[in-house]
Structure formats: structure tokens, C-alpha cells
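Okay, so here's the structure we're looking at.
Numbering (the working numbering), first residue to last: 73 to 254.
Structural data, given as C-alpha cells:
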């Protein structure tokens, strides 16, 4: 036997019980099964204390499973990972971004535009004050655009908040909404 085997919990257990010296191969196999049963039950108990698990049943008949599976596929996640992310996003009142790769690409493009404008702004002719001012305005707009895009995708407003904002911007919308809803 190697040193590792002698020091492992299984071999220590078998040695302490004395089954290695007095037991038959069948007795040793039974003792090993008993050890692993105890080991895994202890492991699962400790794991449940550290990371609670929940079982969710989704009905195929009611279409629940299909909806969740399709949404998980759209988000490029496994069903379990999607359910976890969706639950945490709901609790945090944030939005689960459907395509993080596309969002990252848009953010990267905006950032590249900003970098190009900054390079232009540094290389500009100092005597052209108006050009300098335009560069700075463009730079500010791109920075604001980058922040707005990120906020819209990651933390969109609730429907209620969106409607309230739209009504504040355009008061005649209130009458049109009442008309539609009645």
C-alpha cells in the first residue's frame, strides 16, 4: 500500500475497525460501502449548510419547462444557471442581459469611439479653440452614451417607471393611455 492510501480516511476507517486483518473480501466491500455512505451523507449535509439548494419542478404540460428552457437558451446559459441568475436579478431589481456578448461588443465600440476622440483631441491644433470645444462636446456625449447604454441594458426601468417618465415628458400621453385601457 502506498502512503497516500494508508493516510486516507477510508483506509484509516478500515484499519480502525480491524476489518482489514480479520475480514473477508465481502466484509471489506461492505465496510467500504458503509464508509462512503457515511462520508457522502456528511458531505451533503455540510454542503447544504454552506450552499442551500432548492428543487424546482416545472410542468411540461403547462409549458413552464419550455418557456424556461427557451429563455435559458436565449441567454446562452444552462437551465440551472439561468434560474439562479434570473432569481438573483429579480431580487436585486436588475435586468438579466439576454446577450452579454452583444452588450460587451456595443460597450467596446463606444469605448473605442471615445478613445479615438480623445486621441484627436490631444493631437489637435491649439489655435483652433472652436474645434477644441467641439471635440470636448463629442467626448462628453460619447461618455454619456456609454453610461446610458450600460444602464439601460443592466438596470432597465420597470414598466411603471417607464410609463411615468413618458407621461412627464408628454402629458397628452396620459389621455391616450386612459383611452386605450378603458
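C-beta atoms are modelled at their ideal positions from N, C-alpha and C, and glycine is treated no differently. These numbers were taken from a predicted model, which means no experiment stands behind them.
Contact under 8 Å by Cβ, residue i with residue j
i, j, result
"residue 186", "residue 211", "yes"
"residue 236", "residue 166", "no"
"residue 175", "residue 169", "yes"
"residue 149", "residue 161", "no"
"residue 151", "residue 141", "yes"
"residue 218", "residue 179", "yes"
"residue 107", "residue 82", "yes"
Extent of the continuous alpha helix (DSSP H) run through residue i
i, result
"residue 132", "Note, residue 132: premise wrong, no alpha helix (DSSP H); not H, not E."
"residue 154", "151 to 163"
Per-residue DSSP class, three states only, for residue i
i, result
"residue 182", "helix"
"residue 169", "coil"
"residue 177", "helix"
"residue 97", "helix"
"residue 73", "Note that residue 73 has pLDDT 49, beneath the 50 cutoff, so the model's placement of it is unreliable and the number below is only indicative. Looking at residue 73 - three-state DSSP - the assignment turns out to be coil, as it is neither helix nor strand."
"residue 104", "helix"
Straight-line gap, residue i to residue j (C-alpha atoms, nearest Å)
i, j, result
"residue 126", "residue 118", "15 Å"
"residue 145", "residue 173", "14 Å"
"residue 240", "residue 250", "15 Å"
"residue 147", "residue 87", "52 Å"
"residue 73", "residue 85", "Residue placement at residue 73 is poorly supported in this model, since its pLDDT is 49, which falls under 50; the coordinates are not used for a value here."
"residue 48", "residue 112", "Any question about residue 48 goes unanswered here, given that the chain covers just 73 to 254."
Residue i CB to nearest heavy atom of the ligand ADP below 7 Å
i, result
"residue 143", "In the structure shown, the ligand ADP is absent, as is every other ligand, since no ligand is present at all."
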